[in-house]
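Here's the structure we're looking at; comments come further down.
Residue numbers (this note's numbering), protein chains in the order written: chain A, 75 to 395; chain B, 10 to 520; chain C, 327 to 663.
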């Protein structure tokens, strides 16, 4: 990690020195939540790449999942007089005071990945997030298209009960299922977004559904649960990807590995590249005064076995997932 | 005592019965308490005193019998309900809140208020007045915990009496009080009796019973043995009632045979001591010898015992076991050398309440043998059975948790624990404290027996009569120094007292 | 404390049977068994297989609790051991991988034991340190990602089988046998119960109480490491964020359901295992039931409460309950008066 960070910093410095003197060099402070998941680590490394691509000096502060650390980091960015601040908020509320300070210092703030309470709407420039309802829809539509008119019993591995991502991904998927009478979610249980729980819950689904023979597809709210579920299917003597279709969300490297082995069918990407669109918005507003929309939705791209999963796996696995 | 002829009973208990499973704790027990009398309730541990109190105060439901208060039948279902009827109980461990002030404790739950606000000044004034009635002139705003146990007892009694109690039950109130504090308590008791309150007094101290009580009721094995006027009951007759067998009145006559002192040296300490705990001392214990340690509380008796057993680590001196240099850094070392120690605080330092009598007996032997040489269940059963018989432990059930046994029987189990290790030296700290008369005499007999078999004994006791009875040698301690050794005919109460009290002026200056 | 629970554990076994019966009701095929790739396959096997980590944890936890201690760090130790095993699995031989993971668990346990026995820190605080720091250590080892491996040797600990029984079940059963043999076959059991019942008195009886405490925490760490290896092998990867998360609470619950008092003293290894199986039988039943997941925690709370009430000596009969209600009413009246 540290070595990688050092390397990235050196790269950034090299870019800086290669620039002609006097060129407008943007400095952006990024208050990152921490590294609670592989996706988060990937987001951090992709942000560095995107900043380097645009010759922006990106300063990243790791908050270790604490709001107070994020507030401290933002104050420090304001004091340093950065050109813009990126914030991946750990919680939705309690940002008014510090965002007002940024506004008074005329430093634009861009939210990455997560939104905050509506009361803070006029305190930031724009929010770059994915639409998790839409992710569920993309997954559902792929399944509807793949099974066609055949009737299909689906089992669903939900994320953590009460997490907004889980609620939204369920809603998007359910919306599509409702439009197709041949699709039916027969079992739905939480796997807490983890591999171990995903596997355990899938084991029980297989037993409850007559050894899994009546299951046509599995929908998992994230790839990790699906990786666990794939193991459960294999141990039960089933062939995931063939006997049972799989579709999940996130597009972490390990699901491409499964896809390459023919054990998974589809995944919807939650892109770790939130910083790219954010940087573009900042540069446009600095250079041309363009006011970006309040919400920049990232692409929820669908990947299937047709997309050369092995190549994607190789390109993704170095990102820190 | 000043009483009218045959006054009507205040509290009248008839035919009370209570069983716990197969155990009949009370059978057909009668008990009468007159207004204005102090009535001692006596009996050995397990005689049924506590059960009687708890049934009368509604803590336990009774199986049969009638309780009348002032002629009206009552059946309280909790201590609170009993208190509402006018029966208050003060236990040995005062159940008040030590971190609240004396005044708050007195008026807890019934504070004088105005518009819902506690009137602190009014409460303090009334508390002060209430305690003055009992001859206590103290700052009622200070936390109760700052005061002595005697003051806490009087506070508990004052609270009970102020809640218009007419029957006051005092369960072992004097067990942790010194002589002066006992005086305070007795003065209050006499005062309350004069006001017409009936007092039930439970105690092990027969001297106190004779000093304070008007009448005595004796229970044995859950049955009523008799009710007598204290003034006309000889002490030997009282003990006979309690024990149900003839017992020579303890006179303090020496039974130790002088032949004992001459055994071989078993353990010897030279210049052994620990700074701030006990001054360096020389002490040699011979096989078959009983050495008594006498002195006031805090004179260094228990400290000596703990040093001897390795529970405290000495910082000076040497110890030899059977003539060879030894190292006593922990109780484990001491156990390995064949020492044993029955500590003063039986409940916290001695017994393991949850474990059975058998497990408590084999514990030290097992610890000495080590992990990898477990005693088989058969061996454990055999050892437990042998010692239960030898020491007459009751009930003779090796699988009963020791916490359910009476104090005397717990002490016997602890003795058994060490005897099972075939020790060469046994240290007994207050072996007869809190134990009823019967077990007391038996434990003294056992002490004599063991040392006849070659065991060296170091015994601490506050009861000088007792020390004189069994010691071959007495070491007197004062201010954490071993000041004198008495031997042979020199051992008597007068000499010990003289040694303890010697040079009182210097003692005062030193402390 | 005094009126200790019956040691034969009728209440616990009854509770397990009742929960299995309910499982059979919500899922008619619950007791069906068949062979699948040389491994028994069925919901009952799932209960044993999924319960194995908590069974292992409870084997260590019950001894710690018997000494009047508690070990909150077992979940974090699982994560560390799993992370080490997964990181080394593809580059080193199996004996070395196991030695590293188990050795680390042992060191973690000794660390806890050192804090409690030697420095005299309260067990709940002492082990809280490793509970928090341990997961961080595991995340450092995995760099915050899920470290996967392909080694079939380590994989056997999750997916392997002996005589048709899944490897985790066999390992857990073996550890139960080993622990019973070590604890009850030597004097350890008695000395642990004595230490937990009254440490001061035990010390004065010559028991090496510090050694006992050190030993039980070390054993607990070792059991946790084994559970961590199994969990990692199960998903062919180490998930430092989630491995063993909150399992310390399940282990403590299993021990309590097994009738061992949190105040130390008497303990039963076998009933702690029954306690762990009760928890897993309930979890599996919930998954099979098809109820919405929002009800999971509620159902669990109700079942656990019922199981604890079932074995409570004070609630042996409704008579006791009635008497207490009466008492409460009287107290209320008293308070009003």
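Glycine included, every Cβ here is placed at the ideal spot set by N, Cα and C.
Run of the alpha helix (DSSP H) containing residue 388/C, from where it starts to where it stops: The residue given as residue 388/C occupies position 62 in the third chain. It spans 369 to 392 - the alpha helix (DSSP H) in which residue 388/C sits, taken as one unbroken run.
Which residues DSSP lists as bridging residue 369/A, in chain order: If you number the first chain from 1, residue 369/A lands on position 295. According to DSSP, residue 369/A bridges with 201/A.
Any chain C beta carbon closer than 9 Å to residue 140/A: Numbered from 1 along the first chain, position 66 holds the residue referred to as residue 140/A. By this cut-off, residue 140/A is not an interface position.
Reference residue 164/A, options 209/A, 181/A, 105/A and 331/A, closest by Cα: Counted from its first residue, the first chain places residue 164/A at position 90. If we check each option's Cα against that of residue 164/A, 105/A comes out closest.
Alpha carbon of residue 172/B to alpha carbon of residue 204/B, nearest angstrom: Position 163 of the second chain holds residue 172/B. Position 195 of the second chain holds residue 204/B. Looking at the backbone, the Cα of residue 172/B and that of residue 204/B are separated by about 15 Å.
Beta-bridge pairing of residue 41/B - partner residues as DSSP gives them: Here the question's residue 41/B lines up with position 32 in the second chain. According to DSSP, residue 41/B bridges with 21/B.
Within chain C, the residues that residue 373/B reaches when beta carbons sit closer than 7 Å: The residue labelled residue 373/B in the question sits at position 364 within the second chain. By Cβ distance, chain C contributes 531 and 532.
Near-chain B residues of the stretch 505 to 518 of chain C (beta-carbon distance less than 8 Å), N- to C-terminal order: 511, 512, 513, 514, 516 and 517
Proximal residues of chain B, C-beta to C-beta of residue 360/C below 7 Å: Taking the third chain and counting its residues from 1, one reaches residue 360/C at position 34. By Cβ distance, chain B contributes nothing, its closest Cβ being about 43 Å from residue 360/C, past 7 Å.
Whole-Å CB distance - residue 402/C paired with residue 461/C, under 8 Å assumed: In the third chain, the residue the question calls residue 402/C occupies position 76. In the third chain, the residue the question calls residue 461/C occupies position 135. With 8 Å as the limit, residue 402/C and residue 461/C qualify as a contact, their Cβ atoms being about 5 Å apart.
Assigned exposure category for residue 369/A - 16 Cβ within 10 Å defines buried: In the first chain, counting from the first residue as 1, residue 369/A sits at position 295. Flag for residue 369/A reads exposed.
Proximity to residue 198/A [Cα-Cα], best of 206/A, 204/A and 186/A: Sequence index remark: in the first chain, residue 198/A carries index 124 (1-based). For residue 198/A, the nearest C-alpha among the options comes from 186/A.
Integer Cβ distance of residue 514/C from residue 508/C, believed to fall under 8 Å: Looking up residue 514/C in the third chain gives position 188. Looking up residue 508/C in the third chain gives position 182. That pair is a contact at about 6 Å.
Any chain C beta carbon closer than 9 Å to residue 270/B: Walking along the second chain from the start, residue 270/B turns up at place 261. Because residue 270/B carries a pLDDT of 47, less than 50, the predicted location of this residue cannot be relied on, and the following value inherits that uncertainty. With 9 Å as the cut-off, residue 270/B does not count as an interface residue toward chain C.
Residues of its chain near residue 90/B, where Cβ-Cβ distance is below 6 Å and the 5 sequence neighbours each way are ignored: As a working mapping, residue 90/B is identified with position 81 in the second chain. Excluding positions up to five away in sequence, the list reads 67.
Neighbour list for residue 275/A in chain C, Cβ cutoff strictly below 7 Å: Mapped onto the first chain, residue 275/A falls at position 201. Within chain C, the residues near residue 275/A are 613.
Beta-carbon proximity check, residue 467/C vs residue 409/C, cutoff 9 Å: The residue you call residue 467/C lines up with position 141 of the third chain. The residue you call residue 409/C lines up with position 83 of the third chain. At the C-beta level, residue 467/C and residue 409/C come within 9 Å of one another.
The stretch 421 to 428 of chain B / the stretch 353 to 370 of chain B touching (three or more Cβ pairs under 8 Å): Three or more pairs of CB atoms, one per stretch, sit closer than 8 Å, so the stretch 421 to 428 of chain B contacts the stretch 353 to 370 of chain B.
Contact with chain C by residue 380/B, beta-carbon distance below 9 Å: Within the second chain, numbered from 1, the residue matching residue 380/B stands at position 371. Closer than 9 Å to some Cβ of chain C, the Cβ of residue 380/B qualifies, so yes.
Near-chain A residues of the stretch 461 to 492 of chain C (beta-carbon distance less than 7 Å), N- to C-terminal order: Correct list: 469, 470, 471, 472, 474 and 485.
Minimum Cβ-Cβ distance from residue 384/C to chain A less than 9 Å: Counted from its first residue, the third chain places residue 384/C at position 58. With 9 Å as the cut-off, residue 384/C does not count as an interface residue toward chain A.
Min CB distance residue 394/C to chain F below 9 Å: The structure shown contains no chain F; the protein chains it does contain are A, B and C.
Residue 430/C: first and last residue of the uninterrupted alpha helix (DSSP H) it sits in: As a working mapping, residue 430/C is identified with position 104 in the third chain. From DSSP, the alpha helix (DSSP H) with residue 430/C extends over 420 to 439.
Distance, residue 300/A Cα to residue 334/A Cα: Within the first chain, numbered from 1, the residue matching residue 334/A stands at position 260. Within the first chain, numbered from 1, the residue matching residue 300/A stands at position 226. Roughly 15 Å between the two C-alpha positions.
Residue 466/B - DSSP class collapsed to helix/strand/coil: Residue mapping note: residue 466/B aligns to position 457 of the second chain, counting from 1. Strand, per DSSP.
Contacts that residue 344/B makes with chain C (C-beta to C-beta distance below 7 Å): For this step, residue 344/B is matched to residue 335 along the second chain. Under the 7 Å cutoff, chain C gives 532.
Within-9 Å CB hit, residue 96/B to chain C: Within the second chain, residue 96/B is the residue found at index 87, counting from 1. No, residue 96/B does not count as interfacial toward chain C.
Exposed unless 16 or more other CB atoms sit within 10 angstroms - verdict on residue 348/A: For the purposes of this step, residue 348/A is taken as residue 274 along the first chain, with counting starting at 1. Classification for residue 348/A: buried.
Residue from 579/C, 584/C, 499/C and 418/C with nearest C-alpha to residue 480/C: Along the third chain, one-based indexing puts residue 480/C at 154. For residue 480/C, the nearest C-alpha among the options comes from 418/C.
Expected contact under 8 Å - CB spacing of residue 433/B and residue 275/B to nearest Å: Here residue 433/B corresponds to residue number 424 of the second chain, with the count starting at 1. Here residue 275/B corresponds to residue number 266 of the second chain, with the count starting at 1. Correct: roughly 6 Å between the Cβ atoms.
Sufficient close CB pairs (3 or more, under 8 Å) joining the stretch 355 to 374 of chain C to the stretch 615 to 626 of chain C: no
Separation of residue 601/C from residue 476/C, as counted between CA atoms: For the purposes of this step, residue 476/C is taken as the residue at position 150 of the third chain. For the purposes of this step, residue 601/C is taken as the residue at position 275 of the third chain. Whole-angstrom Cα-Cα distance: 34 Å.
Candidates 254/A, 205/A and 234/A, of which the one nearest residue 228/A by Cα: For this step, residue 228/A is matched to residue 154 along the first chain. Answer by Cα proximity: 254/A.
Beta-carbon neighbours of residue 365/B, restricted to chain C and to distances below 9 Å: Counting from 1 along the second chain, the entry for residue 365/B is found at position 356. Correct list: empty, because the minimum Cβ distance to chain C is about 10 Å.
Touch test, the stretch 366 to 382 of chain C against the stretch 487 to 498 of chain C, Cβ-Cβ under 8 Å, three pairs minimum: yes
Beta-carbon proximity list for residue 130/A, same chain, < 7 Å, skipping 5 on both sides: In the first chain, counting from the first residue as 1, residue 130/A sits at position 56. Here the set comprises 100, 102 and 353.
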